[in-house]
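Chemist: Residue numbers (full-length UniProt numbering): 1 to 129. All C-beta atoms, glycine included, are put in the ideal place defined by N, C-alpha and C. Okay, handing you the structure first.
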Amino acid sequence: MVEVIKQYVLIWNEKSISDLKNVFQANARYWDALQEGNAIELLENSISTTHIAFPDVSFEIISLNYASENKIFMEWLMMGTNNGTFFGAAPTGKRIEIKGLDYFVCENGKISEIKSFYDSSLFHHQLEI
Numbered sequence: 001m002v003e004v005i006k007q008y009v010l011i012w013n014e015k016s017i018s019d020l021k022n023v024f025q026a027n028a029r030y031w032d033a034l035q036e037g038n039a040i041e042l043l044e045n046s047i048s049t050t051h052i053a054f055p056d057v058s059f060e061i062i063s064l065n066y067a068s069e070n071k072i073f074m075e076w077l078m079m080g081t082n083n084g085t086f087f088g089a090a091p092t093g094k095r096i097e098i099k100g101l102d103y104f105v106c107e108n109g110k111i112s113e114i115k116s117f118y119d120s121s122l123f124h125h126q127l128e129i
């Protein structure tokens with residue numbers, strides 16, 4: 001399970017959106033404070049728009065901890081420089097660092113659910129927009 005989660009992080013870092021189908025169940029669910037729905041559909045859009053706003057975006061795994069046999073918590077750090085449009089706002093050139101926590105449920109070697117927890121107001125605060 002840890003390997004599939006590491007692959008998920010690699011997809012974010014390399015913008016390899018087509019690989020989402022390799023790590024997610026077709027009906028996998030995604031949830032965060034701003035959106036909820038099919039994981040593959042939402043993440044295709046999120047990864048694309050994030051890479052436009054932060055072309056150098058990277059995610060670092062801070063920790064991975066098992067909650068049970070098929071449930072894992074991942075603490076992460078997102079870093080990037082705002083060199084593209086972000087939710088309609090012009091690029092600021094400012095660097096962000098945002099920590100978060102994802103809760104994963106895996107089934108049959110793939111991710112079936114992600115719940116992502118982070119303070120979305122930090123984007124606006126750190127970018128001063």
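Hey, is the segment 82–92 in contact with the segment 6–26, meaning 3+ C-beta pairs nearer than 8 Å?
Modeler: no
Chemist: If Ile52 sits next to Thr81, beta carbons under 8 Å apart, how far is it from one beta carbon to the other, in whole angstroms?
Modeler: For the purposes of this step, residue 52 is taken as residue 52 along the sequence shown, with counting starting at 1. For the purposes of this step, residue 81 is taken as residue 81 along the sequence shown, with counting starting at 1. With 8 Å as the limit, Ile52 and Thr81 do not qualify as a contact, their Cβ atoms being about 13 Å apart.
Chemist: What are the start and end residues of the beta strand (DSSP E) that includes Leu64?
Modeler: For the purposes of this step, residue 64 is identified with residue 64 of the sequence shown, where counting begins at 1. Where Leu64 is concerned, the enclosing beta strand (DSSP E) stretches over 58–68.
Chemist: According to DSSP, is Glu107 part of a helix, a strand, or is it coil?
Modeler: Residue mapping note: residue 107 aligns to position 107 of the sequence shown, counting from 1. Secondary structure of Glu107 (DSSP, three-state): strand.
Chemist: Which residues in the same chain as Cys106 place their Cβ atom closer than 6 Å to its Cβ, once the five residues preceding and following it in sequence are excluded?
Modeler: The residue you call residue 106 lines up with position 106 of the sequence shown. So the list reads Met1, Asn70, once near-sequence residues are dropped.
Chemist: Val4 and Ile111: beta carbons closer than 8 Å?
Modeler: Translated into the one-based positions of the sequence shown, residue 4 becomes position 4. Translated into the one-based positions of the sequence shown, residue 111 becomes position 111. Taking 8 Å as the Cβ cut-off, Val4 and Ile111 qualify as a contacting pair.
Chemist: Kindly give me the distance between the Cβ atoms of Leu77 and Ile96, rounded to whole angstroms, as I take these residues to be in contact under 8 Å.
Modeler: Here residue 77 refers to the residue found at position 77 of the sequence shown. Here residue 96 refers to the residue found at position 96 of the sequence shown. Not confirmed; about 10 Å, so no contact.
Chemist: Pull up the distance between the alpha-carbon of Glu41 and that of Asn27, whole angstroms please.
Modeler: Position 41 of the sequence shown holds residue 41. Position 27 of the sequence shown holds residue 27. So the alpha carbons of these two residues sit roughly 10 Å apart.
Chemist: Can you tell me whether Tyr30 is buried or exposed, with buried defined as 16 or more other CB within 10 angstroms of its CB?
Modeler: Start at 1 with the first residue of the sequence shown, and residue 30 comes out as number 30. By the 10 Å Cβ count, Tyr30 comes out buried.
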